[in-house]
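Read through the structure below, which is laid out as structure tokens, and then see the notes.
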Amino acid sequence: MSKNVASIEDVVEVRESSPLQRILGNQAFWITLAIVIISIVMTILSDAFLTSNNLFNVTRNLSFIGIMALGMTPVIITAGIDLSVGSVMGLSGVILGLVLGAGQPMWVGITIGLGTALFVGGVNGFLIAYVRLNPFVVTLGMLSLARSQAIVFSQNKMIFDFGPEARRFLDLGGGALELGQFARIPNPLIAMVILAVIFWFLLNYTPWGQYVYAVGGNEEAARLTGVPVRWIKMSVYMLSALMAGIAAVLMVGWLGAVTNALGTGDELRVIAATVIGGANLLGGAGTAYGAVIGAVLIEVIRNALILAGVSAFWNGTFVGLFIILAVFLERLRNYRRA
Amino acid sequence: MALLELQSITKNFGAIHALVGVDLELNPGQVLGLMGDNGAGKSTLVKIVAGNFPASDGAIRLEGEEVHFTKPVDARKKGIEVVYQDLALCNNLTAAANIFLGREMKREFGPIKILNYQAMFNRAAGLFKELKSETRPRDVVRQMSGGQRQAVAIARTRLSQAKIVLMDEPTAAISVRQVAEVLDLIRKLRDQGMAIILISHRMPDVFAVCDRIMVLRRGQKVADKAISDSSPEEVTGLITGAIESS
Ligand SMILES: Nc1ncnc2c1ncn2[C@@H]1O[C@H](COP(=O)(O)OP(=O)(O)OP(=O)(O)O)[C@@H](O)[C@H]1O
Ligand SMILES: [Mg+2]
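The listed protein sequences correspond, in order, to chains D and R.
Take 1 as the starting number for the first sequence in my numbering and just add one per residue.
Take 339 as the starting number for the second sequence in my numbering and just add one per residue.
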């Protein structure tokens with residue numbers, strides 16, 4: 001073998017960057033660090049922060065956004081966007097409430113609620129993938145359409161009768177896993193963690209995940225190499241809507257009532273969480289861990305401001321700063337790379 | 339019976355006549371050099387054979403049987419592999435992921451199939467070694483040099499036993515040493531009985547490996563002859579139009 005040719009064994013294990021470099025270049029790492037720092041500062045500033053009660057509330061609150069951010073992640077990786085998740089959550093919640101209120105068993109209500117979400121996601125996906133309409137416009141239209149349908153179905157009334165299995169249903173989203181006096185894990189958090197593991201697995205270890213990244217990296221190349229581009233695009237919008245449906249089931253259970261305003265404005269919080277966690281709106285990048293950690297940061301900021309006695313009016317300012325900081329970090333990394 | 343037969347292939351993009359009645363026969367073990375000026379229709383011809391888009395008119399036959407490709411995978415299933423001019427790579431994926439895109443190696447656990455990264459990395463490293471390319475399977479394409487990218491695009495054609503390999507300027511961005519490797523590879527494929535179409539603007543490459551040359555000018559075939567019956571001067575004349583046809 002000639003000297004300038006490396007053996008297979010040499011080459012297979014080589015990576016261009018060391019593990020340390022890759023961690024430092026990872027946005028989710030920096031966000032995790034920011035959360036740790038905020039938490040330490042808050043523990044020092046406020047006795048109320050590191051209490052099981054506060055942590056219970058924080059982790060429950062962030063789970064709804066976290067679950068939807070997981071669904072948003074593949075959409076954004078394919079260079080798409082789903083503005084309709086808040087409205088899908090609302091519609092799905094209203095339908096679920098109506099079905100349960102009509103005396104149907106829990107599983108029927110949940111199936112129809114999630115089915116509604118999947119249907120709406122399927123419409124989004126079909127229009128984007130097969131009719132080739134712009135995702136921003138299609139899901140903006142759906143934001144309006146699904147919200148309006150939620151109002152139509154609910155006849156603008158609050159729903160709080162959940163039928164014969166109401167107790168079990170409310171416990172699903174409002175309950176917790178009791179691990180002794182001080183350790184209670186809210187059910188939505190458990191759901192989010194399980195879903196995060198599923199998304200991590202799907203994105204990293206299945207051809208589907210590979211194709212999602214490929215479509216976002218170079219759609220034309222993906223098509224040429226035999227990736228079912230249209231089906232992949234359709235599937236990410238269905239999955240995103242399904243996550244909004246799951247979040248609705250849990251949220252309604254926790255709130256104990258549904259109004260047609262459920263989920264209003266959540267699309268922006270969800271997209272913010274996803275982007276803060278390192279997803280790139282231009283496509284090709286994003287992780288399950290990033291989606292979760294972005295949701296954690298947003299809720300921790302909110303909680304920290306409340307405990308620090310800062311007016312809640314400032315909340316949006318801090319979240320906004322982190323969004324801009326996130327894209328700034330991204331820019332910086334690309335700059336160094338170039 | 340020819341391995342690949344094109345019969346009066348025509349392609350119009352609106353008012354642009356990219357290809358006008360092009361005929362071609364290609365046999366196993368043949369290396370055809372396809373030359374022509376920018377915009378002559380070379381890539382268009384490749385893309386039609388590769389199932390990228392259909393011809394406006396004309397027929398394609400593989401081993402005597404007429405084929406109608408509706409998507410690139412159809413052509414690949416019939417043993418046609420392509421190196422695209424723009425390489426068709428995903429910048430955000432690793433070299434190995436790009437090579438295996440659309441035909442990943444999987445490990446099965448009952449009904450669940452998961453990606454077998456180690457097997458793909460090993461196979462990719464083997465392919466790069468065969469190409470004598472210093473490309474690491476785990477590197478992300480975004481960080482790669484032009485030559486490494488080209489190696490990835492070429493390695494992709496080696497995954498399955500192809501019958502026909504179409505190479506659209508595979509030597510455009512690479513060093514002299516690597517050009518020699520690609521030309522060697524082409525000879526090796528030819529000796530295995532594959533048919534190859536090599537598109538190149540580099541006259542020496544074409545004359546080094548091809549046994550036939552075809553020239554397109556403004557979508558029309560103006561020459562198709564044995565390389566031994568031609569010369570670089572004649573081909574240049576054919577490309578520019580100084581020589582009408584031959
Ligand atoms: N998708 C398309 N839509 C419209 N016109 C196209 C398309 N693809 C190619 N053309 C036109 O068809 C003609 C032939 O293009 P083609 O890419 O086949 O040329 P080429 O011989 O490969 O040139 P080059 O050497 O520059 O690669 C050109 O006039 C080009 O503008
Ligand atoms: Mg070309």
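Where is the CB? At the ideal position from N, CA and C, for every residue including glycine.
So that I know if they touch, is there some Cβ in chain R lying closer than 8 Å to that of residue i?
| i | result |
| --- | --- |
| D:L325 | no |
| D:P207 | yes |
| D:I81 | no |
| D:G216 | yes |
| D:E220 | yes |
| D:Y213 | yes |
| D:A285 | yes |
| D:Q27 | no |
| D:F318 | no |
| D:V5 | Confidence is the limiting factor: at D:V5 the pLDDT is only 46, short of 50, which leaves the residue's position unreliable, though a coordinate-based value still follows. D:V5 counts as touching chain R. |
| D:Q210 | yes |
So that I know if they touch, is there some Cβ in chain D lying closer than 8 Å to that of residue i?
| i | result |
| --- | --- |
| R:E446 | no |
| R:E519 | no |
| R:R399 | no |
| R:I537 | no |
| R:A580 | no |
| R:A426 | yes |
| R:R487 | no |
| R:I452 | yes |
| R:G440 | yes |
| R:A435 | yes |
| R:R496 | no |
Residue i versus chain C: which residues are under 8 Å apart at the beta carbon?
| i | result |
| --- | --- |
| R:P410 | No chain C appears in the structure shown, which is made up of the protein chains D and R. |
Can the beta-carbon of residue i be found less than 8 Å from the beta-carbon of residue j?
| i | j | result |
| --- | --- | --- |
| R:G575 | D:T225 | no |
| R:V384 | R:V411 | no |
| R:K563 | R:V360 | no |
| D:T116 | D:S92 | yes |
| D:T409 | D:P186 | No answer is possible for residue 409 of chain D: it lies beyond the span of chain D, which begins at 1 and ends at 338. |
| D:S87 | D:L189 | no |
| R:I418 | R:K501 | yes |
| R:N430 | D:A285 | yes |
| R:G611 | R:A489 | In the structure as shown, chain R starts at 339 and stops at 584, and residue 611 of chain R therefore has no counterpart that could be examined. |
| D:V258 | D:G97 | yes |
| D:Y213 | D:G121 | no |
| D:S240 | D:G103 | no |
| D:G173 | D:G253 | yes |
| R:K470 | R:E519 | yes |
So if DSSP puts residue i in a beta bridge, which residue, or which two residues, is it bridged to?
| i | result |
| --- | --- |
| R:M373 | R:V553 |
| R:N350 | R:H355 |
| R:F447 | R:I450 |
| R:A561 | R:V553 |
| R:Q345 | R:A397 |
| R:T432 | R:V478 |
| D:V258 | D:I159 |
| R:I502 | R:I418, R:A533 |
| D:R302 | None, per the DSSP bridge assignment. |
| D:I185 | D:L177 |
| R:V360 | R:I347 |
| R:V405 | R:I398 |
Determine the closest residue to residue i out of the options, with distance taken between C-alpha atoms.
| i | options | result |
| --- | --- | --- |
| R:D506 | R:A426, R:E401, R:S346 | R:A426 |
| D:I76 | D:M192, D:V108, D:V270 | D:V270 |
| R:M373 | R:R487, R:S569, R:A564, R:L536 | R:L536 |
| D:I23 | D:A221, D:G290, D:I112 | D:G290 |
| D:L325 | D:V275, D:L83, D:W208 | D:V275 |
| R:A434 | D:L202, D:A129, D:Q210, D:N54 | D:Q210 |
| R:E404 | R:Q345, R:S584, R:Q456 | R:Q345 |
| R:A413 | R:Q423, R:A462, R:N350, R:G389 | R:G389 |
| R:F447 | D:L33, D:Y205, D:G286 | D:Y205 |
| R:S538 | R:E572, R:R556, R:A511 | R:A511 |
| R:L370 | R:V478, R:Q486, R:G579, R:M541 | R:M541 |
| D:P196 | D:L20, D:I293, D:A312, D:E330 | A quick correction: the sequence has Ala, not Pro, at residue 196 of chain D. With distances taken between Cα atoms, D:A196 lies closest to D:I293. |
| D:T32 | D:G245, D:I301, D:I159 | D:I301 |
| D:V85 | D:A221, D:G309, D:G66, D:F169 | D:G66 |
| R:I437 | D:V227, D:A150, D:A312, D:G283 | D:V227 |
| D:V123 | D:W30, D:L114, D:V138 | D:V138 |
| D:N303 | D:G320, D:I38, D:V193 | D:I38 |
So is the beta-carbon of residue i under 7 Å away from any non-hydrogen atom of ligand 3?
| i | result |
| --- | --- |
| R:Q488 | You won't find ligand 3 in this model; what it holds is ligand 1 and ligand 2. |
Exercise for the section: Report all residues for which the CB-ligand distance to some heavy atom of ligand 2 is below 7 Å; order them along the chain. Expected result: R:K380, R:S381, R:Q423, R:D506, R:E507, R:I537
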